[in-house]
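For the protein sequence lines, the chains are F and D, in the order given.
My numbering applies: residue 1 is where the first sequence begins, and numbers increase by one.
My numbering applies: residue 224 is where the second sequence begins, and numbers increase by one.
Glycine residues also receive a C-beta, built at the ideal position from the N, C-alpha and C atoms.
Below is one structure, written out as structure tokens; the observations come after it.
Protein chains: 2
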Amino acid sequence: MTNRARRAPRQAEAERNDRALLDAARAVLAVDGAHASVAAIAARAGVGIGSLYRRYRTKEELFQRLCEIALDEYLQAAEEGLAQLDPWAGLAHYVTTAIELGAGSLAPIAGTIEVTEGMAEKNRRSDEAVEALVERAHAAGVLRRDVTAVDIALLIEQLAKSPLLEQLARQGRTDLTEAARNARERINAIALDGLRATAGRPLPGHPPGYELFSQRWAPPAGG
Amino acid sequence: MTNRARRAPRQAEAERNDRALLDAARAVLAVDGAHASVAAIAARAGVGIGSLYRRYRTKEELFQRLCEIALDEYLQAAEEGLAQLDPWAGLAHYVTTAIELGAGSLAPIAGTIEVTEGMAEKNRRSDEAVEALVERAHAAGVLRRDVTAVDIALLIEQLAKSPLLEQLARQGRTDLTEAARNARERINAIALDGLRATAGRPLPGHPPGYELFSQRWAPPAGG
DNA sequence: TTCAACCGGAGCGATTCACTCCGTTATTTG
DNA sequence: CAAATAACGGAGTGAATCGCTCCGGTTGAA
Numbered sequence: 001m002t003n004r005a006r007r008a009p010r011q012a013e014a015e016r017n018d019r020a021l022l023d024a025a026r027a028v029l030a031v032d033g034a035h036a037s038v039a040a041i042a043a044r045a046g047v048g049i050g051s052l053y054r055r056y057r058t059k060e061e062l063f064q065r066l067c068e069i070a071l072d073e074y075l076q077a078a079e080e081g082l083a084q085l086d087p088w089a090g091l092a093h094y095v096t097t098a099i100e101l102g103a104g105s106l107a108p109i110a111g112t113i114e115v116t117e118g119m120a121e122k123n124r125r126s127d128e129a130v131e132a133l134v135e136r137a138h139a140a141g142v143l144r145r146d147v148t149a150v151d152i153a154l155l156i157e158q159l160a161k162s163p164l165l166e167q168l169a170r171q172g173r174t175d176l177t178e179a180a181r182n183a184r185e186r187i188n189a190i191a192l193d194g195l196r197a198t199a200g201r202p203l204p205g206h207p208p209g210y211e212l213f214s215q216r217w218a219p220p221a222g223g
Numbered sequence: 224m225t226n227r228a229r230r231a232p233r234q235a236e237a238e239r240n241d242r243a244l245l246d247a248a249r250a251v252l253a254v255d256g257a258h259a260s261v262a263a264i265a266a267r268a269g270v271g272i273g274s275l276y277r278r279y280r281t282k283e284e285l286f287q288r289l290c291e292i293a294l295d296e297y298l299q300a301a302e303e304g305l306a307q308l309d310p311w312a313g314l315a316h317y318v319t320t321a322i323e324l325g326a327g328s329l330a331p332i333a334g335t336i337e338v339t340e341g342m343a344e345k346n347r348r349s350d351e352a353v354e355a356l357v358e359r360a361h362a363a364g365v366l367r368r369d370v371t372a373v374d375i376a377l378l379i380e381q382l383a384k385s386p387l388l389e390q391l392a393r394q395g396r397t398d399l400t401e402a403a404r405n406a407r408e409r410i411n412a413i414a415l416d417g418l419r420a421t422a423g424r425p426l427p428g429h430p431p432g433y434e435l436f437s438q439r440w441a442p443p444a445g446g
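If you want it as structure tokens, here you go:
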């Protein structure tokens, strides 16, 4: 009956659109946060809503894909850090890269989507790599002893969101984004210096447990 | 014509409700962020929506009142800091208090409401007090020299929002809020230590200008 | 030239929002 | 105790926005 299937006539365009959608989703999430709408994402990508929904059956599916990509990049950053010879430089590389990554995509949607097995797996491997980074830095005496891997993970999450950049984007003040990015780097540097072994009095309270950090993947209320 | 007007029959209840509304608004803003709805605020206060709208003509009016109260507290924290003899302790007092204040109320609505003259005035006085705190700390040699008052203001804004606490509240995991608060204090302490004169390499880039920070009061896009 | 695959976006139902309107309740006064 | 009235609560309203569907138009390999 059906003739031998033809090849897709506009397949190249489809692939370009897929990349554009993922990039646009990151950009819109960075600005609009958790309220990012599919319409805004499609518009930013220069693509119709229909095309978005041909590739991803639901909004959640798109966000899950985005999450997996971001987790890959987290893991890669941690491994890059381990590959560096200097323990402090390695840790600093991971922290700064993770902050930049989380700001763009992961932070706003963490906890709003269902966790896939692939995400959990990548998360586990990433945690192990960070733990190794921290142990190595401790052993070298460059990281203050009262700081744990969970402290660092929470610090990254705290610094990932950028309220100032979000607001500037909302106001359309693109002329100031460069200055805001500079300011953000300075703040990140301050926080990093607070992690050095030479800096500071003992931290208050007790080291936080892992259960606290892993909550960021848990689904919202009615569970 | 009209007899001499009677006194309000339920005036005491009205005053209690006003306080409850302001407290509830803070609590809801801390959890729901910018999407906090008047219905949620009224419910949290144990008050009907009608009662809220008898006291404040619009949602914005309520938020403006909240902002003015918060700005008073900012200013008070800065003056308390100046009153302390130890320059570092004074600065640390202001920073930690401001973070706590911003987290609860101001940060989510900054930039979404019109700025009243009273707000601008309080903001100006507060800025001056912080500038004095920073100068004193610089003079005493306890604050790293490459940090400016704007850096500190932006650091406070960055640390004010608490994504972890927000998410835990959204999940109803009230059992973990104590642990989260402990973790937050540790992170704040790390950042504070990063400000000490003893800690760290020179900061990257150049000192941010005031125009960047003052943007947080600017209204959204269509201006 | 043909036609399957891909495109874009108007439109749908559901949801949520800020806000209004009005019957009810509670306290003060005589 | 009874009358008067300010403050009460929340169902209801219209507008806005959301995720998603559906379908007529467009493209380009065969």
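**Report entry** Through-space distance from residue 121(F) to residue 206(F), alpha-carbon basis
**Finding:** 28 Å
Query - alpha helix (DSSP H) segments (min. 4 residues) lying fully within the stretch 297–333 of chain D - result: 310–324
Query - Nonlocal neighbours in the same chain, by C-beta distance under 7 Å from residue 34(F), ignoring five residues either side - result: 108, 109, 112
Report task. Starting from residue 185(F), find everything on chain D with Cβ-Cβ shorter than 9 Å and list it in chain order. Result -> 426, 427, 428
Report task. Would you mind sorting residue 228(D) into buried or exposed? The rule is 16 or more other CB atoms within 10 Å of its CB. Result -> Residue placement at residue 228(D) is flagged as unreliable, the pLDDT there being 48, under the threshold of 50; a coordinate-derived value is accordingly withheld.
**Report entry** With 16 other Cβ atoms within 10 Å as the buried cut-off, status of residue 349(D)
**Finding:** buried
Query raised in the report: Starting from residue 53(F) and walking both ways along the alpha helix (DSSP H), at which residues does that stretch end?
Result: 49–55
Query - Between the CA atoms of residue 289(D) and residue 245(D) - distance to the nearest angstrom - result: 7 Å
Query - Neighbour list for residue 157(F) in chain D, Cβ cutoff strictly below 8 Å - result: 386, 387
Query raised in the report: Between residue 123(F) and the rest of its own chain, which residues show a CB-CB distance below 8 Å, the 5 nearest in sequence each way excluded?
Result: 71, 217
Report task. May I ask you to report which of helix, strand or coil DSSP gives residue 155(F)? Result -> helix
Requested in this report: Starting from residue 178(F), trace the alpha helix (DSSP H) both ways and give me its first and last residue.
Outcome: 177–193
Query raised in the report: So what does DSSP say about residue 347(D), is it helix, strand or coil?
Result: helix
Query - DSSP bridge partner residues for residue 196(F) (one or two, in chain order) - result: 143(F)
Requested in this report: Just confirm the distance between the C-beta atoms of residue 310(D) and residue 359(D), as a whole number of angstroms; I'd bet it's less than 8 Å.
Outcome: 5 Å
Query raised in the report: So residue 22(F) is in the alpha helix (DSSP H); what residue range does that whole segment cover?
Result: 11–32
Query raised in the report: Using a Cβ-Cβ distance under 9 Å, would residue 364(D) count as near chain F?
Result: no
Query raised in the report: So, is the C-beta of residue 44(F) closer than 9 Å to a C-beta in chain D?
Result: no
Query raised in the report: How many whole angstroms separate the CB atoms of residue 91(F) and residue 133(F), which I take to be in contact at a CB cut-off of 8 Å?
Result: 5 Å
Query raised in the report: Between residue 350(D) and chain F, is there a C-beta pair that is closer than 9 Å?
Result: no
Report task. Throw me the rounded Cβ distance for the residue 180(F) and residue 417(D) pair, which I believe falls under 8 Å. Result -> The Cβ separation is near 19 Å, so there is no contact.
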